[in-house]
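The structure appears below as structure tokens.
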């Protein structure tokens, strides 16, 4: 019997929504970690019961949580191999929230600085984990995209984290700068056909690709145009909001940029705009149908100054042609007086037939479509503002 | 034993009540109490003071015996009433946010 588990991170806790393959009736569990911001929850493709959560707080900093039983119980990983799992008093050990940036091996000083809002150089300062991307093959290996932007990896189930410093250190770091929401590495795309290839995206630095498992990185931003960057050949600086890929076409990426919906057919070497007939090409989320690699979904948002749907109508737009030709999907979505936003990590798809599409809003709704977007209904309506939505398809 | 009062979210994280007690050898300073707290409850490491800088997190404050000790240096010796256990050492979260 197939089923679906939807993992929802919100401003005030995590929620787990489950259904059978019909996706009509839902059980809602949570809040987990009530009162904490849960930036992201994601399951391991190699072990669906292994979940990771980024729990964060302006007061108490970063926490990493792990579940080995599909979210029923959670722990902070942190025990070294061979050591007892608890302190002598019976408490779980943990240093799983320790994210320390690499320093220069030559000087021992910070690897690089980045551009601050006033144009001066500023040191990297860890703030939180935005995105957790478990390895496709190993439940103990997870990549973490953090603010200030960097990529970390654990290979021991979240007990310890180490920076893949080639990303910050490849040379363009001093040109990276924070957007209004901070300087976060928010997108990590793994290529299941090539474990050495990975894509990441950073606001506001752009997109980057590695072909050697994270040692060396290349900016992949040619073809992007941003009003605030006069140089059309600029290597970095673009505010990329999200990148999506279909696993069967790893050279084809779709991007929702600050403004513009983009596409590349050569793994990011050159992008072209595919905004086409969208009512606005500003937005945050973008995702690809599980079975149709040229079917793409976005949620247009009015503008960078007005983060809500145009005309108060919440519409998902679908292109079945890989961009340029878009159709509004409105059945079951509010078509008046709707002024929510859909944040960059808050859309996901399942791999059932028909493909299910899910997204969460800053108004606390999580909408689901069990027919590839033709019709929608809310699973829940009144959660705290939704930060992230991930889906596990269960067999 | 040193009594330490924790804010709500750190209590839930450590799965303890409002107050914990810690054995801390002399001299009892801000630093030695925080060291003992993190050793007994490792899941709190990094939550009261930054992992890297060891500085108090900006939205947390330290109080004891009616005094704000937040700006004292880490080698500040806590009052006798805290050392004797008559008064708690209090870690308090700033009242802010929504």
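Protein chains in written order, with the working numbering: chain A, 111 to 505; chain B, 3 to 100.
Beta carbons: idealized from backbone N, C-alpha and C, even for Gly.
All values derive from a computational prediction rather than experimental measurement.
| Check | Outcome |
| --- | --- |
| Residue range of the unbroken alpha helix (DSSP H) whose run includes residue 12/B | 10-16 |
| Proximity of residue 46/B and residue 40/B at Cβ, strictly below 8 Å | yes |
| Residue-level contact to chain A via CB, residue 61/B, 8 Å cutoff | yes |
| Residue 272/A classed as buried or exposed, judged by whether at least 16 other C-beta atoms fall within 10 angstroms | exposed |
| 8 Å Cβ cutoff, residue 239/A in contact with chain B | no |
| Runs of beta strand (DSSP E) lying entirely within the stretch 258-312 of chain A, each at least 3 residues, in chain order | 260-264 and 294-300 |
| Selection from 333/A, 387/A and 398/A that minimises the alpha carbon distance to residue 372/A | 333/A |
| Counterpart residues of residue 211/A in DSSP-defined beta bridges | Answer by DSSP bridge pairing: none, since residue 211/A is not bridged. |
| Residue burial classification, residue 97/B (beta-carbon count within 10 angstroms, cutoff 16) | exposed |
| Near-chain B residues of the stretch 205-216 of chain A - C-beta to any C-beta below 7 Å | 205, 207, 208 and 210 |
| Beta-bridge partners of residue 382/A, as assigned by DSSP | 373/A |
| Completely contained beta strand (DSSP E) runs for the stretch 120-205 of chain A, where each covers 3 or more residues | 123-130, 137-142, 147-153, 161-167 and 171-177 |
| Nonlocal neighbours in the same chain, by C-beta distance under 8 Å from residue 240/A, ignoring five residues either side | 149, 150, 164, 255, 256, 257, 294, 295, 296 and 455 |
| Contacting positions in the stretch 168-189 of chain A - beta carbon closer than 8 Å to chain B | 168, 169, 170, 171, 172, 173, 186 and 188 |
| Segments assigned beta strand (DSSP E), at least 3 residues, entirely inside the stretch 434-496 of chain A | 437-439, 457-459, 467-470, 476-479 and 487-490 |
| Neighbourhood of residue 63/A by C-beta, 6 Å cutoff - its chain only, sequence neighbours within 5 removed | What the structure shows of chain A is the stretch from 111 to 505, and residue 63/A is not part of that stretch, so it cannot be assessed. |
| Simplified DSSP assignment, three categories, for residue 21/B | strand |
| Close Cβ partners of residue 384/A (< 6 Å) along its chain, the five nearest in sequence each way excluded | 371, 373, 433 and 434 |
| Residue 331/A, buried or exposed, once every other Cβ within 10 Å from all chains shown has been counted against 16 | buried |
| Members of the stretch 28-46 of chain B near chain A, C-beta cut-off 9 Å | 41, 42, 43, 44, 45 and 46 |
| Straight-line gap, residue 190/A to residue 483/A (C-alpha atoms, nearest Å) | The predicted model places residue 190/A with a pLDDT of 45, which falls under 50 and marks its position as unreliable, so this point remains unresolved. |
| For residue 380/A, the nearest candidate out of 426/A, 357/A and 328/A (CA to CA) | 328/A |
| Top-ranked residue by Cα proximity to residue 236/A, from 288/A, 423/A, 325/A and 135/A | 288/A |
| Per-residue contacts from residue 145/A into chain B (C-beta, under 7 Å) | 11 |
| Beta bridge counterpart(s) of residue 328/A as assigned by DSSP | 319/A |
| Given 8 Å, three or more beta-carbon pairs between the stretch 50-63 of chain B and the stretch 467-485 of chain A | no |
| Simplified DSSP state of residue 42/B, which is helix, strand or coil | helix |
| Status (buried if at least 16 other CB within 10 Å, exposed otherwise) for residue 410/A | buried |
| Proximity test, Cβ basis, 8 Å: residue 15/B and chain A | yes |
| For residue 28/B and residue 21/B, the rounded distance between their alpha carbons | 21 Å |
| Secondary structure of residue 85/B, DSSP reduced to three states | helix |
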